[in-house]
Every structure is written in C-alpha cells, then in structure tokens.
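Residue numbers (the numbering used here): 523 to 663. Notes follow once the structure below has been shown.
Given below as structure tokens:
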C-alpha cells in the first residue's frame, strides 16, 4: 500500500526532478542558517575571548623597531592608528589602538585582536627613540 501526501486534492506524485529540487532547497536553507548561527556565535566568542599573544620584534632599520602612523577619515570606522613591526622575519601592519611603553627591556609587543574592524590593540615596549612616527594620513572616500 502506497501513501501519498495529498494537500491539494490531487493524487499526483512528485517527479524525480521535483524531489531533487526540494532536497537542494532544503540543503541550501540548512547551510545558510547554519552559517549565520556559526558567524554570530563566532562573533560573540571573539568578543569575550580575543586573540592575545606576545612576541619579540626585530629592527626595521638600525635602531628603529616600529613605525607608527595615524589614519583619519570622514568614515568613523576608518579612524585608527597603525603600527608596522617585524616579527620572525614577517612584516606586520596592525590597525587599531597603539600604546607605546618606554622601558629598558628588549623590544616586544603585546597584541590583542577583536572581531571589530580596525580595533585591534597593541602595546609596544621599546626604549626612547626606537619608534618612528610617520605622521597623519588622510583617507578619502
């Protein structure tokens, strides 16, 4: 005995193409909903559990361990400070909030990344004269 779901009073069965279409639509909806649940969950997690690390930095040029600059724009999300450093042979441009601490230890940085655009924070520990300020740059849109 075969039971057919009959919503409109018509005893017509679904064709193979219709079954595949419904299956495809169901899978796509599940993937889209799953992605948004994952993205929101990841954003909440990163807000309360930011990525943090500490690293020693190398000289960019003799006696200089970092370049700082300030970016300004008429778009609030584009107002940030930028720090360029060299860690393990890799140049890093960090956009966000830069704090400079002058001490006599070996130069290093403390880095904290959040899920907000251009809002990472970095504390750089150096001696006086080891940071070069490149001034203010203007971004226009």
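Note that CB positions come from ideal geometry on N, CA and C, so glycine has one too.
**Report entry** Of the listed residues 619, 558, 580 and 547, nearest to residue 592 (C-alpha basis)
**Finding:** The count along the chain shown starts at 1 and reaches residue 592 at position 70. Relative to residue 592, the option among 619, 558, 580 and 547 whose CA is nearest is 619.
Query - residue 658, enclosing beta strand (DSSP E) - first and last residue - result: Your numbering for residue 658 matches position 136 in the chain shown. Start and end: 653-661.
Query raised in the report: How would you write the range of the beta strand (DSSP E) that residue 633 sits in, first residue to last?
Result: Position 111 of the chain shown, counting from 1, holds the residue named residue 633. Its beta strand (DSSP E) spans residues 630-635.
Report task. Kindly indicate which residue of 582, 622, 617 and 627 has the alpha-carbon position closest to the one of residue 611. Result -> Your numbering for residue 611 matches position 89 in the chain shown. Taking only the C-alpha atoms, the option nearest residue 611 is 582.
Requested in this report: Measure from the alpha carbon of residue 617 to the alpha carbon of each residue in 602, 608, 607 and 627, then state which is nearest.
Outcome: Taking the chain shown and counting its residues from 1, one reaches residue 617 at position 95. Of the listed residues, the one whose Cα sits closest to residue 617 is 602.
Query - When 626, 654, 638 and 644 are compared against residue 568, the one with the closest alpha-carbon - result: Along the chain shown, one-based indexing puts residue 568 at 46. Here the closest residue by C-alpha is 638.
**Report entry** Supposed close pair residue 573, residue 635 - CB separation, criterion 8 Å
**Finding:** As a working note, residue 573 is residue 51 in the chain shown. As a working note, residue 635 is residue 113 in the chain shown. 4 Å between Cβ atoms; contact.
Requested in this report: From the DSSP output, read off the bridge partner residues of residue 647.
Outcome: Within the chain shown, residue 647 is the residue found at index 125, counting from 1. Note: residue 647 sits in a beta bridge opposite 623 and 630.
Query raised in the report: For residue 649 versus residue 588, is the C-beta distance shorter than 9 Å?
Result: In the chain shown, counting from the first residue as 1, residue 649 sits at position 127. In the chain shown, counting from the first residue as 1, residue 588 sits at position 66. By the CB criterion at 9 Å, residue 649 and residue 588 fall outside the cutoff.
Query raised in the report: Excluding five sequence neighbours on each side, which residues of the same chain lie with their C-beta closer than 6 Å to the C-beta of residue 633?
Result: Here residue 633 is taken as the residue at index 111 of the chain shown, counted from 1. Excluding residues within five positions, the ones whose Cβ falls inside 6 Å are 575 and 644.
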